[in-house]
Amino acid sequence: MGFIEIRDLKIEFTKIDESGKEVPGKVALDGISLDIEKGSFVAVVGMNGSGKSTLAKCLNGLLIPTAGRVIVDGFDTANDETIWDIRSRVSMVFQNPDNQLVSSIVEDDVAFGPENLGIEPAEIRERVDNALIKVGMFELRDKGAHMLSGGQKQRIAIAGAIAMRPDCIVFDEPTAMLDPKGRAGVMQIIRDLHSAGITCILITHFMSEAEQADRVIVLKNGKLLCDRTPAALFSDREMIERAGLEMPPEIELRDKAGLPKELVTAEEIADYIAGK
Amino acid sequence: MIRDITLGQYYPGDSMVHRLDARTKIIATLLYIIELFVVNNFWGFLIAAVALFAVVAVSKVPLKFIFRGLTAVFLIIAFTFLLNLFMVDGRVLWHWKFLTITYEGVSRAFFMAVRLVLLIIGSSILTLTTKPIELTDGLEKLLKPFSKIGLPSHEIALMMTIALRFIPTLMEETDKIIKAQQARGADFESGNILQRAKSLIPILVPLFVSSFRIAQDLALAMEARCYRGGDGRTRMNEIRFKKGDAAAAVLMALFLAVIIASRYITL
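Line by line, the protein sequences are chains A and S.
Under numbering that gives the first Met the number 0, think of the first position of the first sequence as 0, with each following residue one higher.
Under numbering that gives the first Met the number 0, think of the first position of the second sequence as 0, with each following residue one higher.
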């Protein structure tokens, strides 16, 4: 039994035809079954349109399964009455840093989630300060959100998720719109959160990010293609090709240099080379 | 330049005026504007002006910022002044062809101009010393009693907060669209008014579409952060009346009495 249990999940979008009737449209996810353990760091990868963002939205009930079930910490996402119990346990950070901040002032935005949960003002203040310290933005707490860079805005969004004190944070391509520096900063925060015991689910199309997880889930055309450790995935060239993905450059280097297949992240490979 | 507009014209500071509850300031400003129309003679205006500049001095907002608001409406003030100057009947002071200036016209024109100047300075003090978020919070609390008769006070305040937040985002979006259309050879600078208005369509349509996309993203993000309307929501910075607000209320009452009394001054 995992923290999140997904059973035969199917998501089918409906569309409106010419006569104005609702007809079945694209099947975004089909027959997905997964268990996500508490405290794990799971990456979800796949080509555009593989259904990875749709899967993310199923994890906190933003999308309700057409068929199958998603159970979070014992609560079914299809149950309207417990939806807020789920969303306070599973926070989410979206791709576009601009379109997820609600308030113009940094600390007011971080406070938005806890305020919605109806928490006492003194505790909100403490949570907001802590969250801002964790993402390294405490000094900028009274600045206007529009003055910040994309990477900084994304850190504010993460602080907003942390301030909810969730068990799990789903990151839906959080680095896709950032420059390399902003991307590295966000990844560092995700690793820190994982070491602090928070379950991290990272949707990404950067393989160099996926290789830092404990476990990589590969989707293709809405179906689960494979589910393994990064070491196992990134030593299987055929699987990477079948998924329509690309080997990260450090793995290419590892294989061309004939280094052991257990090495996955750039750090591990660099350490191996330096130690040799 | 875009960055200036967004935070309203708030002038950061820590004066007594800054620290007042936003509700106190909103009510005081409204009251002051009403009082300006109660005043009917020179002494009343003198008292109103002195009181206003006392508040400006306490707020420590530089005069430069105070008068900046006036330049924008200078034309309106000048127009009202001239209209009053020539249009009021009474004892003739000066006459030339069809133009007549009367004694009553001069005094009415001066009073009207002074009234407008004080009104604008008075309301800029409110926006200069109050953060936009405090302003919307204050408004939400003030409108709360009306929610019983169906006025959505929380929603109005949230709409204002989001509007303030997204002004810079939409400005950037507009900028991007203009550049993209110019790169495709769109011409926004030549032609008569009608042609120029037409050339705005390729900007407005994409802007409209993209604001809907932004709204959808934001709605999803708010839902993910457990937003479910104003009920059961708490605030990190609860605004509450303090000693300073009580003092301000006493001063306001005193000022109201003086203004009403000033109507009967005859020197």
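Beta carbons are placed, not taken as given, at the ideal position from N, Cα and C, and that holds for glycine.
Along the stretch 202-226 of chain S, going in chain order, the ones with a CB nearer than 9 Å to a CB of chain A are Arg-212, Ile-213, Ala-214, Gln-215, Asp-216, Leu-217, Leu-219, Ala-220, Met-221, Glu-222, Ala-223, Arg-224, Cys-225 and Tyr-226. Interface residue (Cβ-Cβ distance to chain S less than 8 Å): His-204 (chain A) is not classified as such.
If you check the CB distance, Gly-196 (chain A) and Arg-154 (chain A) do not come in under 8 Å. Judged by DSSP secondary structure, Leu-134 (chain S) falls within the alpha helix (DSSP H) whose first and last residues are 131-142. Setting aside the 5 residues that flank it on each side, Gly-12 (chain S) is surrounded in the same chain by Lys-59, each with a C-beta closer than 6 Å to its C-beta; the list follows chain order. Using beta-carbon distances, Met-235 (chain S) counts as an interface residue toward chain A, with a partner under 8 Å. Among the residues of the stretch 36-62 of chain A, those with a Cβ less than 7 Å away from any Cβ of chain S are Asn-59 and Leu-61, in the order of the chain. At the C-beta level, Ile-10 (chain A) and Leu-62 (chain A) come within 8 Å of one another. Per the coordinates, the alpha-carbon of Asp-213 (chain A) lies some 6 Å from the alpha-carbon of Val-41 (chain A). For Gly-231 (chain S), the chain A residues whose C-beta falls within less than 7 Å of its own C-beta are Gly-117, listed in chain order. Neighbours of Ile-161 (chain S) in chain A, taken as residues whose beta carbon is under 8 Å from its own, are Val-101 in chain order. Against Gly-159 (chain A), the close residues of chain S are Arg-224, in the order they occur along the chain (beta-carbon pairs closer than 7 Å). Taking 8 Å as the cut-off, the beta carbon of Val-54 (chain S) is found closer than this to the beta carbon of Ile-124 (chain S). Residue range 120-133 is occupied by the alpha helix (DSSP H) that includes Asp-128 (chain A).
His-17 (chain S): member of the alpha helix (DSSP H) spanning 15-18, first to last residue.
Ile-272 (chain A) has its alpha-carbon roughly 11 Å from the corresponding atom of Pro-259 (chain A). Ile-15 (chain A) is bridged by DSSP to A:Glu-21.
Remark: three or more beta-carbon pairs, one from each stretch, lie closer than 8 Å, so the stretch 122-130 of chain A and the stretch 149-164 of chain A are flagged as touching. In the three-state scheme derived from DSSP, where H, G and I count as helix and E and B as strand, His-204 (chain A) is classed as coil.
The beta carbon of Phe-74 (chain A) sits closer than 7 Å to those of Thr-81, Asp-84 and Ile-85, all from its chain and outside the five residues before and after it, given in chain order. With 16 or more other Cβ atoms inside 10 Å of its own Cβ, Val-217 (chain A) counts as buried.
Each of A:Glu-114, A:Glu-266 and A:Asp-235 was checked against the Cα of Arg-227 (chain A), and the nearest Cα belongs to A:Asp-235. With respect to the 8 Å criterion, Met-246 (chain A) and Gln-211 (chain A) are not classified as neighbours on the basis of their beta carbons. The stretch 62-109 of chain A contains, as complete beta strand (DSSP E) runs of 3+ residues, the segments 66-71 and 89-92 (chain order). Non-local beta-carbon contacts of Thr-128 (chain S) in its own chain, meaning distances under 6 Å to residues more than five positions away in sequence, involve Val-16, His-17 and Ser-58 in chain order.
Look at the stretch 151-176 of chain S: the residues with a C-beta under 7 Å from a C-beta of chain A are Thr-160, Ile-161, Leu-163, Arg-164, Pro-167 and Thr-168. Proximity of Ile-132 (chain S) to chain A, defined by a Cβ-Cβ separation below 8 Å, is satisfied. Bridge pairing for Asp-171 (chain A): A:Ile-202 [DSSP].
As computed with DSSP, Phe-40 (chain A) is found in a beta bridge with A:Cys-199. Not a single CB atom of chain S sits nearer than 8 Å to the CB of Ile-200 (chain A).
Neighbours of Pro-96 (chain A) in chain S, taken as residues whose beta carbon is under 7 Å from its own, are absent, since the nearest beta carbon is some 10 Å off.
Only residues of its own chain outside the window of five on either side were considered, and among them Ala-50 have a CB closer than 7 Å to the CB of Phe-254 (chain S), listed in chain order. Put simply, of S:Arg-114, S:Asn-83 and S:Ser-189 the residue whose alpha carbon is nearest the alpha carbon of Tyr-102 (chain S) is S:Asn-83.
With respect to the C-alpha of Leu-74 (chain S), the residue from S:Leu-115, S:Ile-148, S:Thr-233 and S:Lys-130 having the closest C-alpha is S:Leu-115.
Look at Thr-28 (chain S) here: in three-state DSSP terms it is helix. Every alpha helix (DSSP H) stretch that sits fully inside the stretch 134-213 of chain S and reaches 4 residues is listed by chain position as 152-182 and 192-198.
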